[in-house]
Amino acid sequence: MSIKVELDDLADEVSKRPFGYLLTAGDEGPPHSGAVVFVWDDGCLVTGAGRTTRRHVGQRSTVSLLWPPLEVGGYSLIVDGDAVIRDADDADTATVAITPTWAVLHRPA
């Protein structure tokens, strides 16, 4: 069962959830996932970017974000977006900024 989330309402949905997962894929090797805390910055969801995330986003800028349900039987929040790496040359301060393009609340029917 899915409920579309309007992008104007996304910040409210994200604020209810303590952490999410960033899902990336590169040109080679397996997909990558990492548990992260996102902050909003000028319409983008931003979090730290490790080596694999930086490499993947450099190869394929489309990413997905997943927040698990808050309770058993609840809805997960799934967001697709376009990512860019900020401060890519500095591993200590590099971040990934994701501009959301689509969002949905989803749970098994």
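Under this note's numbering, think of the first position of the sequence shown as 37, with each following residue one higher.
All residues carry an ideal CB built from backbone N, CA and C; glycine is no exception.
When C-alpha distances from LEU58 are compared across MET37, GLY84, LEU46 and GLU49, the shortest belongs to GLY84. Shortest Cα-Cα distance from VAL73 to any of THR131, GLY110, VAL140 and LEU141 involves THR131.
Here PRO136 is near LEU43, since their CB atoms are less than 9 angstroms apart. Under the three-state reduction of DSSP, GLY94 is assigned to helix. Close CB contacts of ALA139 within its chain, under the 6 angstroms cut and outside five residues either way in sequence, are with VAL41, LEU46 and VAL115 (chain order). Within the same chain, Cβ atoms closer than 8 angstroms to the Cβ of ARG96 are found at THR60, ALA61, GLY62 and ASP63, the five residues on either side in sequence being excluded. Beta-bridge pairing by DSSP links PRO136 to GLY117.
Put simply, the backbone Cα of CYS80 is about 13 angstroms away from that of SER100.
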